[in-house]
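Novice:
2 protein chains.
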Amino acid sequence: MTLHVRRMTKPDGRALVLYGHAPIDEGIAPVAPLGDGGPPNPHLRWHPLRCEWIAYAGHRQLRTFLPTEDPLARTVDPENPTELPPGEYDVAVFENRFPTFHGAAHDPPSVMVSTLPARGTAEVVVFTHDARGSLGALPLWHLELLVDVWADRTRELGLRDDVQYVFPFENRGVEVGVTLHHPHGQIYAYPFVPPLAARELAAQREYWENHGRGLLEDHLAREIEDEVRIVHLEEHAVALIPVFARYAYEVWIAPRRAAPTLVELSREERRAFARTLGTVLRKLDALWGRPFPYVMAFHQAPTDGAPHPEAHLHVEIYPAYRMPGRLKYLAGSELGAGVFTADTLPETKAAELRGASIAPVEGEAP
Amino acid sequence: MTLHVRRMTKPDGRALVLYGHAPIDEGIAPVAPLGDGGPPNPHLRWHPLRCEWIAYAGHRQLRTFLPTEDPLARTVDPENPTELPPGEYDVAVFENRFPTFHGAAHDPPSVMVSTLPARGTAEVVVFTHDARGSLGALPLWHLELLVDVWADRTRELGLRDDVQYVFPFENRGVEVGVTLHHPHGQIYAYPFVPPLAARELAAQREYWENHGRGLLEDHLAREIEDEVRIVHLEEHAVALIPVFARYAYEVWIAPRRAAPTLVELSREERRAFARTLGTVLRKLDALWGRPFPYVMAFHQAPTDGAPHPEAHLHVEIYPAYRMPGRLKYLAGSELGAGVFTADTLPETKAAELRGASIAPVEGEAP
Chain A
1 MTLHVRRMTK
11 PDGRALVLYG
21 HAPIDEGIAP
31 VAPLGDGGPP
41 NPHLRWHPLR
51 CEWIAYAGHR
61 QLRTFLPTED
71 PLARTVDPEN
81 PTELPPGEYD
91 VAVFENRFPT
101 FHGAAHDPPS
111 VMVSTLPARG
121 TAEVVVFTHD
131 ARGSLGALPL
141 WHLELLVDVW
151 ADRTRELGLR
161 DDVQYVFPFE
171 NRGVEVGVTL
181 HHPHGQIYAY
191 PFVPPLAARE
201 LAAQREYWEN
211 HGRGLLEDHL
221 AREIEDEVRI
231 VHLEEHAVAL
241 IPVFARYAYE
251 VWIAPRRAAP
261 TLVELSREER
271 RAFARTLGTV
281 LRKLDALWGR
291 PFPYVMAFHQ
301 APTDGAPHPE
311 AHLHVEIYPA
321 YRMPGRLKYL
331 AGSELGAGVF
341 TADTLPETKA
351 AELRGASIAP
361 VEGEAP
Chain B
1001 MTLHVRRMTK
1011 PDGRALVLYG
1021 HAPIDEGIAP
1031 VAPLGDGGPP
1041 NPHLRWHPLR
1051 CEWIAYAGHR
1061 QLRTFLPTED
1071 PLARTVDPEN
1081 PTELPPGEYD
1091 VAVFENRFPT
1101 FHGAAHDPPS
1111 VMVSTLPARG
1121 TAEVVVFTHD
1131 ARGSLGALPL
1141 WHLELLVDVW
1151 ADRTRELGLR
1161 DDVQYVFPFE
1171 NRGVEVGVTL
1181 HHPHGQIYAY
1191 PFVPPLAARE
1201 LAAQREYWEN
1211 HGRGLLEDHL
1221 AREIEDEVRI
1231 VHLEEHAVAL
1241 IPVFARYAYE
1251 VWIAPRRAAP
1261 TLVELSREER
1271 RAFARTLGTV
1281 LRKLDALWGR
1291 PFPYVMAFHQ
1301 APTDGAPHPE
1311 AHLHVEIYPA
1321 YRMPGRLKYL
1331 AGSELGAGVF
1341 TADTLPETKA
1351 AELRGASIAP
1361 VEGEAP
């Protein structure tokens, strides 16, 4: 499958990129919803005790909240445009109208801690035109196309001087605060390496220097040998609830080879990654026969110009429930001390997910 | 006011401590609810990428979930005991029946990462006998007694060999997962210094070594001079939304002097701390005329035997809402990357809280 791409600029100056399995009509013109709140200008403040940047984007209070019309559907009435133009394409990516990071951010306020303009960018990824579908339900070719899209965004955004880390993610379900139900994810391109990525990379770096091998690659090999926490395994990808999982149904998905980012995945690895991702998401939905809310986070190598042989691309999925009807709340211990408390064991939960029966993830491009 | 204390052991072996402003009747005998799930045996597993301990307590799945009877009310029917005995006292502390940490934890499972028994303890603090009251609504003498209780727990638990950090906290409201509405908090006594405390302490340690003064003490002085983010100020305590706040209404409360733990607070400082805490909680409830859900976390010096001149006791309050009816969800950026995004400014929110009109926090012990 060849990835077809059309890069354009919306009337209000925001980037829009269309992706398809077939060539995209040159006649498609970008659109943008009417009305706006002026140019965004987010800034960063340094937290001197936690030693991390906090992003402030005041205009976001105005952002869309469960609107009655779907801004991620293709425009039908040209007088009332959505975010997407009419026409044939499979996936669309555009700059968020209410971004927490923006390439033109400037002149941060002068306060008693260090500040910076919150450069970088925040993008929305529309997974499919089917407003009632879901990422996991997509056929294999469409999931594989999305892996290509995430890789393309990682490559393109990673080239920017103001981007040190490209972070695709999906928040799914009202339980994690989702305001638009049309299947979509987001990509934050941070002007710094975020704290959790930095911590994981430091651990991987130390292991790499001591062992000459990847920490996660070695761990995955041991998990595969141990079998009990594996959810799905194929030649080029694995899904598991790691032995140190924090959430009850916390699944990690990774290529078995230590590829640093999505960009370095081979065609075979992309297909395996796509099939494994679809399999896991279908199993989560099949478990209790209802859409399972989650946060899905991609962890990959920074795009800071340095080599990162230690980095091993993987996806961490944090499902919101620990039992049917019982959410995992992050409260005193997690938020105030940073100590996660789990009331289930990864071994049990992995067996549950393994046993969830699903239709196989398949389907070639039409 | 003198703190009166009675330490006892429940029939099932758990600790119970009663606290009062007046002497406590020697005839009061400890009680415990009927039925149980056997002795708890939580364990820790090491997360090799995040470099932190995760606590696993499988028996907690069974824990009380919005029960119809109040286990924190004093026992009325001896045939159907609650957690508290009848009699006159003001505050009670007991070991959690479903603890995430337990002094007798033993023989952790052997898995492919390091494990430890989850020693330490988890306590419940019943703030008042008024099931429909709240921490903030308590009179000054009762809040001051609670400061004494938290200090007593810090001292007593801190003496234990298996405790390196004493962490009082309160989760308030269904929005943060609270299952019992009777006003209560908790205390986790961790067998290690938790990651967030460790990070804050490292920053304070570096500042201390470079400047010979406290990081937070200096920051508070600058905030007090700047005025705009101060919520409440008195001679021995301050409440503010710090310039680097992550949550919209994130209030910090601290003694102005850099006391390392609650134990070192003078009588005057305890009273000021109590009045400031009550003032802030009343202002939060007054803001929108409804109980404001929050997580409240105490950050103090570890009890690891080392001196901690760098540590400055403070409370961090994380209110759950960012606007009326709109929760702050922790999602992709916060949970997956560790980057907090705020859509309001501390300056604006501090002015709102300053303006919230409340009855003064006062009242001497009867």
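Top to bottom, those sequences are chains A and B.
If you're matching positions, the first sequence starts at 1 in our numbering and goes up one per residue.
If you're matching positions, the second sequence starts at 1001 in our numbering and goes up one per residue.
Every residue gets a Cβ at the ideal spot worked out from N, C-alpha and C, and that includes glycine.
Using CA coordinates, which residue listed in A:164, A:215, A:209, A:304 is at the minimum distance from residue 120 of chain A?
Specialist: In the first sequence, the residue the question calls residue 120 of chain A occupies position 120. A check of alpha carbon separations from residue 120 of chain A across A:164, A:215, A:209, A:304 identifies A:164 as the nearest.
Novice: Name the chain A residues that come within less than 8 angstroms of residue 1053 of chain B, Cβ to Cβ?
Specialist: Here the question's residue 1053 of chain B lines up with position 53 in the second sequence. Residues of chain A passing the Cβ test: 339.
Novice: Under 6 angstroms from any heavy atom of the ligand ZN, does the C-beta of residue 276 of chain A make it?
Specialist: Of ligands this structure carries none, so the ligand ZN is not represented either.
Novice: Please confirm if the region 1180-1193 of chain B is in contact with the region 1107-1124 of chain B, defined as three or more CB-CB distances below 8 angstroms between the two stretches.
Specialist: yes
Novice: Over what stretch of residues does the beta strand (DSSP E) that includes residue 1116 of chain B continue unbroken?
Specialist: Here residue 1116 of chain B corresponds to residue number 116 of the second sequence, with the count starting at 1. Taken as a continuous stretch (DSSP letters only), the beta strand (DSSP E) holding residue 1116 of chain B covers 1115-1117.
Novice: Nearest-angstrom Cα distance between residue 1115 of chain B and residue 1005 of chain B?
Specialist: Position 115 of the second sequence holds residue 1115 of chain B. Position 5 of the second sequence holds residue 1005 of chain B. In a straight line, the C-alpha of residue 1115 of chain B is about 37 angstroms away from that of residue 1005 of chain B.
Novice: Along chain A, in chain order, which residues have C-beta atoms closer than 8 angstroms to that of residue 1195 of chain B?
Specialist: The residue you call residue 1195 of chain B lines up with position 195 of the second sequence. The contacting residues are 337, 338, 339.
Novice: Quick test of the definition: if touching needs 3 or more C-beta pairs under 8 angstroms, does the region 1207-1217 of chain B touch the region 17-30 of chain A?
Specialist: They do not touch, by the three-pair rule.
Novice: Straight-line CA distance for residue 1212 of chain B to residue 1103 of chain B?
Specialist: Translated into the one-based positions of the second sequence, residue 1212 of chain B becomes position 212. Translated into the one-based positions of the second sequence, residue 1103 of chain B becomes position 103. So the alpha carbons of these two residues sit roughly 38 angstroms apart.
Novice: In the DSSP output, what is residue 1056 of chain B paired with across the bridge?
Specialist: What you label residue 1056 of chain B is simply residue 56 of the second sequence in a count that begins at 1. In DSSP, residue 1056 of chain B forms a bridge with A:342, B:1043.
Novice: Just to make sure I have the definition right: I need the residues of chain A whose C-beta is within less than 7 angstroms of the C-beta of residue 1316 of chain B. Which are they?
Specialist: On the second sequence, position 316 is the one that residue 1316 of chain B refers to. Within 7 angstroms Cβ-Cβ: 336.
Novice: Under DSSP, the alpha helix (DSSP H) around residue 1263 of chain B begins and ends at which residues?
Specialist: Working through the second sequence from its first residue, we reach residue 1263 of chain B at position 263. Per DSSP, residue 1263 of chain B belongs to no alpha helix (DSSP H) and is neither H nor E.
Novice: Got a sec, what are the start and stop residues for the alpha helix (DSSP H) residue 154 of chain A sits in?
Specialist: Here residue 154 of chain A is taken as the residue at index 154 of the first sequence, counted from 1. Start and end: 140-158.
Novice: Between B:1222, B:1199, B:1157, B:1295, which has its C-alpha nearest residue 1175 of chain B's C-alpha?
Specialist: Here residue 1175 of chain B corresponds to residue number 175 of the second sequence, with the count starting at 1. It is B:1295.
Novice: Have a look at A:144, A:155, A:47 and flag the residue whose alpha-carbon is nearest the alpha-carbon of residue 113 of chain A.
Specialist: What you label residue 113 of chain A is simply residue 113 of the first sequence in a count that begins at 1. Answer by Cα proximity: A:47.
Novice: Would residue 154 of chain A count as contacting chain B if we go by Cβ distances under 7 angstroms?
Specialist: Counted from its first residue, the first sequence places residue 154 of chain A at position 154. Look at residue 154 of chain A: its C-beta is not under 7 angstroms from any C-beta on chain B.
Novice: Taking Cβ positions only, does residue 210 of chain A come closer than 7 angstroms to chain B?
Specialist: Position 210 of the first sequence, counted from the start, is the residue given in the question as residue 210 of chain A. It does not; no Cβ of chain B falls within 7 angstroms.
Novice: I'd like to know whether the C-beta of residue 100 of chain A is nearer than 7 angstroms to at least one C-beta of chain B.
Specialist: Translated into positions along the first sequence, residue 100 of chain A becomes position 100. Interface residue, yes.
Novice: Relative to the alpha-carbon of residue 1070 of chain B, which residue among B:1084, B:1011, B:1106, B:1058 has its alpha-carbon at the smallest distance?
Specialist: On the second sequence, residue 1070 of chain B is found 70 positions in, with the first residue counted as 1. The candidate whose alpha carbon is nearest that of residue 1070 of chain B is B:1084.
Novice: When the Cα of residue 1015 of chain B is compared with those of B:1323, B:1099, B:1260, which residue comes out closest?
Specialist: Counting from 1 along the second sequence, the entry for residue 1015 of chain B is found at position 15. Nearest to residue 1015 of chain B by alpha-carbon distance, out of B:1323, B:1099, B:1260, is B:1099.
Novice: Quick check on residue 210 of chain A: does DSSP put it in helix, strand or coil?
Specialist: Sequence index remark: in the first sequence, residue 210 of chain A carries index 210 (1-based). Residue 210 of chain A: helix per DSSP, three-state reduction.
Novice: Please return the same chain residues whose Cβ sits closer than 6 angstroms to the Cβ of residue 1269 of chain B, not counting the five positions on each side in sequence.
Specialist: As a first step, residue 1269 of chain B must be located in the second sequence, where it is residue number 269. Here the set comprises 1236, 1255.
Novice: At a cut of 8 angstroms, does the region 312-324 of chain A reach the region 1345-1364 of chain B through at least three beta carbon pairs?
Specialist: no
Novice: What's the call for residue 287 of chain A, buried or exposed, on a 16-neighbour Cβ count within 10 Å?
Specialist: As a working mapping, residue 287 of chain A is identified with position 287 in the first sequence. Under this definition residue 287 of chain A is a buried residue.
Novice: By Cβ distance below 6 angstroms, which residues in the same chain neighbour residue 1207 of chain B in space, the five residues on each side in sequence not counted?
Specialist: Counted from its first residue, the second sequence places residue 1207 of chain B at position 207. Counting only Cβ-Cβ distances below 6 angstroms, and skipping sequence neighbours, we find 1215.
Novice: From the DSSP secondary-structure annotation, give me the bridge partner or partners of residue 1252 of chain B.
Specialist: What you label residue 1252 of chain B is simply residue 252 of the second sequence in a count that begins at 1. Paired residue(s): B:1240, B:1316.
Novice: DSSP three-state label for residue 66 of chain A, please.
Specialist: Translated into positions along the first sequence, residue 66 of chain A becomes position 66. At residue 66 of chain A the pLDDT is 48, less than 50, meaning the model places this residue with poor confidence and gives no usable figure here.
Novice: For residue 1195 of chain B, does the three-state DSSP call read helix, strand or coil?
Specialist: Counting from one through the second sequence, the residue named residue 1195 of chain B turns up at place 195. Residue 1195 of chain B falls in the helix class under three-state DSSP.
Novice: Which chain B residues sit within Cβ distance under 8 angstroms of residue 303 of chain A?
Specialist: Your numbering for residue 303 of chain A matches position 303 in the first sequence. Per Cβ cutoff of 8 angstroms: no residues; residue 303 of chain A is ~14 angstroms from chain B at best.
Novice: Please report how far the alpha carbon of residue 272 of chain A lies from the alpha carbon of residue 159 of chain A, in whole angstroms.
Specialist: Taking the first residue of the first sequence as position 1, residue 272 of chain A is located at position 272. Taking the first residue of the first sequence as position 1, residue 159 of chain A is located at position 159. Taking the straight line joining both Cα atoms gives about 26 angstroms.
Novice: So the candidates are B:1012, B:1050, B:1132, B:1239; which of them puts its Cα closest to the Cα of residue 339 of chain A?
Specialist: Position 339 of the first sequence, counted from the start, is the residue given in the question as residue 339 of chain A. Per the C-alpha coordinates, the member of B:1012, B:1050, B:1132, B:1239 positioned closest to residue 339 of chain A is B:1050.
Novice: For residue 1089 of chain B, I'd like the list of residues in its chain whose CB is within less than 7 angstroms of its CB, leaving aside the five on either flank, ordered along the chain.
Specialist: Translated into the one-based positions of the second sequence, residue 1089 of chain B becomes position 89. Excluding positions up to five away in sequence, the list reads 1018, 1019, 1020, 1024.
Novice: Residues of chain B with a CB under 8 angstroms from the CB of residue 410 of chain A: which are they?
Specialist: What the structure shows of chain A is the stretch from 1 to 366, and residue 410 of chain A is not part of that stretch, so it cannot be assessed.
Novice: Should residue 1007 of chain B be labelled buried (16 or more other beta-carbon atoms within 10 Å of its own) or exposed?
Specialist: Locating residue 1007 of chain B in the second sequence gives position 7, where the first residue counts as 1. So residue 1007 of chain B ends up on the exposed side.
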